[in-house]
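Presented below is the structure to which this report refers.
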Amino acid sequence: MILVILGTQDKEFPRLLEAVDKQIKKGNIKDKVIVQAGQTKYESKNMEIFDLLPAPEFEKLMNKANLIITHGGVGSILSAIKKGKKVIAAARLEKYKEHHNDHQKQIIAEFAKQGYLLELENFDDLGNLIKKMEKFKPKKFVSNTNNMIKLLENYIEDTNNTSWLNRIFGSKKKK
Numbered sequence: 000m001i002l003v004i005l006g007t008q009d010k011e012f013p014r015l016l017e018a019v020d021k022q023i024k025k026g027n028i029k030d031k032v033i034v035q036a037g038q039t040k041y042e043s044k045n046m047e048i049f050d051l052l053p054a055p056e057f058e059k060l061m062n063k064a065n066l067i068i069t070h071g072g073v074g075s076i077l078s079a080i081k082k083g084k085k086v087i088a089a090a091r092l093e094k095y096k097e098h099h100n101d102h103q104k105q106i107i108a109e110f111a112k113q114g115y116l117l118e119l120e121n122f123d124d125l126g127n128l129i130k131k132m133e134k135f136k137p138k139k140f141v142s143n144t145n146n147m148i149k150l151l152e153n154y155i156e157d158t159n160n161t162s163w164l165n166r167i168f169g170s171k172k173k174k
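Mapping to numbering that gives the first Met the number 0: the sequence shown position 2 is 1, numbers consecutive.
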């Protein structure tokens with residue numbers, strides 16, 4: 000099963016659904032395709048499309064999916080790679096009025112560079128990426144949360160629980 004995630008943006012992203020639909024019609028996608036479309040309105044006989052799925056249902060589908068095709072939202076990407084899923088990500092672009100800027104290109108490029116996912120830049124290449132995905136081994140996600148907590152704890156201890164504002168203005172009062 001393939002899960003397509005378009006996020007909760009207030010703008011539509013039909014380009015990605017058109018690309019997926021095209022690959023189904025070509026026979027490059029044979030699996031069942033379920034879409035969480037958010038604000039995107041799209042009709043297809045080839046995919047099950049939902050606006051938003053309840054969190055427990057979304058979680059079940061994410062766990063069941065063999066492949067995740069998603070927009071470039073950090074939340075969607077991280078949810079998939081934390082579960083060790085194979086991910087193809089496509090950026091919403093400003094020129095198509097899919098977003099306010101092109102920051103998703105940078106997000107996806109960084110995740111791709113680190114080996115977590117494959118980036119879909121040319122939507123006509125989706126069929127090739129799906130074939131490439133058969134041999135793709137995504138990098139295992141390792142959380143850095145504990146290191147960040149330790150850094151913050153050390154910083155707080157090193158500064159004697161004094162905020163940067165108090166250190167700056169507090170030191171001026173003493174002079």
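The C-beta atom is built at its ideal place from N, Cα and C for all residues, glycine as well.
Keep in mind that this is a model prediction, so the values were computed, not measured.
DSSP bridge partner residues for residue i (one or two, in chain order)
i           : result
residue 175 : Lying outside 0 to 174, the shown extent of the chain, residue 175 is not represented and no answer is given.
residue 47  : 33
Beta strand (DSSP E) segment containing residue i, residue limits
i         : result
residue 2 : 1–4
Enclosing alpha helix (DSSP H) for residue i [first to last residue]
i           : result
residue 32  : Unbroken run through residue 32 is the beta strand (DSSP E), 32–35; no alpha helix (DSSP H).
residue 64  : Unbroken run through residue 64: none, as it is neither H nor E.
residue 8   : Where residue 8 is concerned, there is no enclosing alpha helix (DSSP H), given that its DSSP letter is neither H nor E.
residue 125 : 125–132
residue 140 : That residue, residue 140, is in no alpha helix (DSSP H); it is neither H nor E in DSSP.
residue 109 : 102–112
Within 8 Å, strictly: CB atoms of residue i and residue j
i           : j           : result
residue 38  : residue 11  : yes
residue 49  : residue 76  : no
residue 1   : residue 54  : no
residue 107 : residue 71  : yes
residue 46  : residue 9   : no
residue 41  : residue 16  : yes
residue 98  : residue 92  : yes
residue 4   : residue 69  : yes
residue 18  : residue 128 : no
Counting pairs of Cβ atoms below 8 Å between the region 71–91 and the region 125–135, do you hit three or more? yes
Please determine if the region 30–43 and the region 103–121 are in contact, where contact requires at least 3 C-beta pairs separated by less than 8 Å. Segments in contact, no.
Whether or not the region 139–146 and the region 74–84 are in contact is what I'm after, with contact meaning three or more pairs of Cβ atoms, one per stretch, closer than 8 Å; do they touch? Yes: at least three Cβ pairs fall under 8 Å.
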